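K.L.:
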Amino acid sequence: MSAHSTAIEVSSKRGVWGGGNEPLKASYGKLMMWFFLLSDIFTFAAFLISYLAIRVSYPTYAGAAETFTGSNEYWPVPELVFEALPFLHGVHAPLIFVGLMTFILIASSVTMVLAVEAGHRNDRADVVKWMLWTLLGGITFLSCQAWEWSHFIHGTEGGSLLTYVNGLGQNVTETVFGANLMVNEYGPAAFAQLFFFITGFHGFHVTIGVFLLFLCFYQAAVGVYDKRGHYEMVEKIGLYWHFVDLVWVFVFTLFYLI
Amino acid sequence: MEIQDTKSTLQVSPRNEEKIKKIWKTALILLAITLAEFVMAFTMDRGILLYSIFIALTIWKAKYIMMEFMHLGDEAKPLFYSIIVPLIFLVWLVITLIKEGSDIFMMRW
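Chains as they are written, first to last, in this note's numbering: chain X, 18 to 275; chain C, 877 to 985.
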């Protein structure tokens, strides 16, 4: 900025406290997105670290995979719980489906960063192309999660014989199928509760993300960002989407590997 | 929404092949780490060693996502630190709650 164009001369000699500084060198929107994500990191961290604490307070199932049955006494091994595939009933495929979900989400994160790169170059055709791929990845991931939940809730054919305290405060022993917030056939009640809350909260973020991706895709396609003169919105929504991927990386490790 | 002119008025720059190559490279690294975790989940015994490896690898992946995909490394230093430094508290939370969980385990079983 030239010194003649402003009433107040902004000179570098005024130093840090003289005003007119941009210490973070980022736009308002981007800054707020970062600080929102920071607060969201703490929310997810609280969930995931609670999971870890409860997880280590139980012994792990140590028997053979073939004879696995849920119990309040020990924590289930993830590869024995999450081992089903859609359309392939009865096939034992430990963690394959969730591995696929992880791959889809990471892939959509890659296409998102390619859209951001295209946005930096003001290349509308590329932005639209990569946003569409990202959108597709997001919707596929959500569909996979819907199936995963449905399978988790309905459970296996055999179920598990459990002794637990029911909603009326009575001690009951019966065969339990699937999962709800009160009891589940896989392990202690906290296992299903944490599963629903953590993957549910993450899925909720993905759902919002898919809406934002669509908005961004649409606005880029009709030329809103060209008119605006910059593609910063792609970058901001990109930050959010990468965050969703970031959280999933931790959910994957804590829930499906440990 | 009214769009009169959908032709771009902005100058479109050519693709930065080097940047794009780096993005794909990062993607491959993330994939490789995930595959390694997958293999370890089936071949190694469960225990504190495996859990520590998993958490370390996950944080390593998180670093790639934040630095390469979210471009946090390219931001101004004050912004970079204002995001990273608060996360140090989480390290303590992890340590203290794992300790707490193990103590509950000892009392229960």
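Ideal Cβ positions, reconstructed from N, Cα and C, are used throughout, including at glycine.
What you are looking at is a predicted structure, and each value in this text was computed from that prediction instead of being measured.
Determine the burial state of Phe974 (chain C): buried for a count of at least 16 other Cβ atoms within 10 Å of its Cβ, exposed for fewer.
P.N.:
In the second sequence, the residue the question calls residue 974 (chain C) occupies position 98. It is Ile, not Phe, that sits at residue 974 (chain C) in the sequence shown. Result: buried.
K.L.:
Judging by CA-CA distance, which residue of X:Val73, X:Val261 and X:Phe114 is the nearest neighbour of Thr972 (chain C)?
P.N.:
The count along the second sequence starts at 1 and reaches residue 972 (chain C) at position 96. Among X:Val73, X:Val261 and X:Phe114, the Cα nearest to that of Thr972 (chain C) belongs to X:Val73.
K.L.:
Any contact of the region 899 to 906 of chain C with the region 119 to 132 of chain X, i.e. 3+ C-beta pairs under 8 Å?
P.N.:
They touch, by the three-pair rule.
K.L.:
Our contact map puts Pro93 (chain X) next to Gly87 (chain X) with C-beta atoms below 8 Å; I'd like the distance itself, whole angstroms only.
P.N.:
By one-based count along the first sequence, residue 93 (chain X) stands at place 76. By one-based count along the first sequence, residue 87 (chain X) stands at place 70. The pair is a contact, with the Cβ atoms about 6 Å apart (cut-off 8 Å).
K.L.:
Can you tell me whether Ile964 (chain C) is buried or exposed? The criterion is at least 16 other CB atoms within 10 Å of its CB, across all chains shown.
P.N.:
If you number the second sequence from 1, residue 964 (chain C) lands on position 88. Result: exposed.
K.L.:
Taking the alpha carbon of Ile254 (chain X) as the point to measure from, which residue in X:Arg245, X:Val268, X:Tyr203 and X:Gly136 has its own alpha carbon closest?
P.N.:
The residue labelled residue 254 (chain X) in the question sits at position 237 within the first sequence. Residue X:Gly136 is the option with its Cα nearest to Ile254 (chain X).
K.L.:
Apply the 10 Å Cβ neighbour rule to Tyr273 (chain X) and answer buried if 16 or more other Cβ atoms are within range, or exposed otherwise.
P.N.:
As a first step, residue 273 (chain X) must be located in the first sequence, where it is residue number 256. Label assigned to Tyr273 (chain X): buried.
K.L.:
Under 8 Å, do Leu55 (chain X) and Ile215 (chain X) count as touching if we go by C-beta distance?
P.N.:
The sequence position of residue 55 (chain X) within the first sequence is 38, counting from 1. The sequence position of residue 215 (chain X) within the first sequence is 198, counting from 1. Cβ distance not < 8 Å, so Leu55 (chain X) and Ile215 (chain X) don't count as in contact.
K.L.:
How many Å lie between Gly184 (chain X) and Asn197 (chain X) at the Cα?
P.N.:
The residue you call residue 184 (chain X) lines up with position 167 of the first sequence. The residue you call residue 197 (chain X) lines up with position 180 of the first sequence. Rounded to whole angstroms, Gly184 (chain X) to Asn197 (chain X) spans 12 Å at the Cα level.
K.L.:
Which residue from X:Ala43, X:Leu232, X:Tyr242 and X:Ala70 puts its Cα closest to that of Glu976 (chain C)?
P.N.:
Here residue 976 (chain C) corresponds to residue number 100 of the second sequence, with the count starting at 1. Comparing Cα positions, the closest option is X:Ala70.
K.L.:
The beta strand (DSSP E) that contains Tyr181 (chain X), what's its start and end?
P.N.:
Mapped onto the first sequence, residue 181 (chain X) falls at position 164. Looking at the DSSP string, the run of the beta strand (DSSP E) that includes Tyr181 (chain X) is Ser177 to Val182.
K.L.:
If you draw a straight line from the alpha carbon of Gly204 (chain X) to that of Asn89 (chain X), how long is it in whole angstroms?
P.N.:
Your numbering for residue 204 (chain X) matches position 187 in the first sequence. Your numbering for residue 89 (chain X) matches position 72 in the first sequence. Approximately 5 Å, taken between the alpha carbons.
K.L.:
List the residues of chain X whose Cβ lies closer than 7 Å to the Cβ of Met946 (chain C), in chain order.
P.N.:
Counted from its first residue, the second sequence places residue 946 (chain C) at position 70. Ordered by position in chain X, the residues that pass the 7 Å Cβ test against Met946 (chain C) are Leu256 and His259.
K.L.:
According to a CB-to-CB cut-off of less than 8 Å, which residues of the region 195 to 208 of chain X neighbour chain C?
P.N.:
Cβ contacts with chain C: none found.
K.L.:
For Val182 (chain X), go through chain C and note every residue whose CB falls closer than 8 Å to its CB, in chain order.
P.N.:
Residue numbering aside, residue 182 (chain X) sits at position 165 when the first sequence is read from its first letter. By Cβ distance, chain C contributes nothing, its closest Cβ being about 16 Å from Val182 (chain X), past 8 Å.
K.L.:
Report the partner residues of Trp92 (chain X) according to the DSSP bridge assignment.
P.N.:
The residue you call residue 92 (chain X) lines up with position 75 of the first sequence. Note: Trp92 (chain X) sits in a beta bridge opposite X:Thr77.
K.L.:
By the 10 Å Cβ neighbour count, where 16 or more other Cβ atoms means buried, how is Val967 (chain C) classified, buried or exposed?
P.N.:
Position 91 of the second sequence holds residue 967 (chain C). Exposed, because fewer than 16 other Cβ atoms sit within 10 Å of the Cβ of Val967 (chain C).
K.L.:
Does the separation of the CB atoms of Leu122 (chain X) and Phe114 (chain X) fall below 8 Å?
P.N.:
Taking the first sequence and counting its residues from 1, the one referred to as residue 122 (chain X) is at position 105. Taking the first sequence and counting its residues from 1, the one referred to as residue 114 (chain X) is at position 97. Cβ distance not < 8 Å, so Leu122 (chain X) and Phe114 (chain X) don't count as in contact.
K.L.:
Tell whether a beta-carbon distance below 8 Å holds between Phe234 (chain X) and Val145 (chain X).
P.N.:
As a position in the first sequence, residue 234 (chain X) is number 217, starting the count at 1. As a position in the first sequence, residue 145 (chain X) is number 128, starting the count at 1. It is a contact, given that the beta carbons lie within the stated cut-off.
K.L.:
Could you pull out every residue in the same chain whose Cβ sits closer than 6 Å to the Cβ of Gly154 (chain X), ignoring the five residues on either side in sequence?
P.N.:
The residue you call residue 154 (chain X) lines up with position 137 of the first sequence. Closer than 6 Å at the Cβ level, and outside the excluded window around Gly154 (chain X), lie Ile121, Ala124 and Ser125.
K.L.:
Where do the N-terminal and C-terminal ends of the beta strand (DSSP E) with Val189 (chain X) fall, by residue?
P.N.:
The residue you call residue 189 (chain X) lines up with position 172 of the first sequence. First-last of the beta strand (DSSP E) with Val189 (chain X): Asn188 to Val193.
K.L.:
List the residues of chain X whose Cβ lies closer than 9 Å to the Cβ of Tyr957 (chain C), in chain order.
P.N.:
Stepping through the second sequence from its first residue, residue 957 (chain C) is reached at position 81. Simply none; closest approach about 10 Å.
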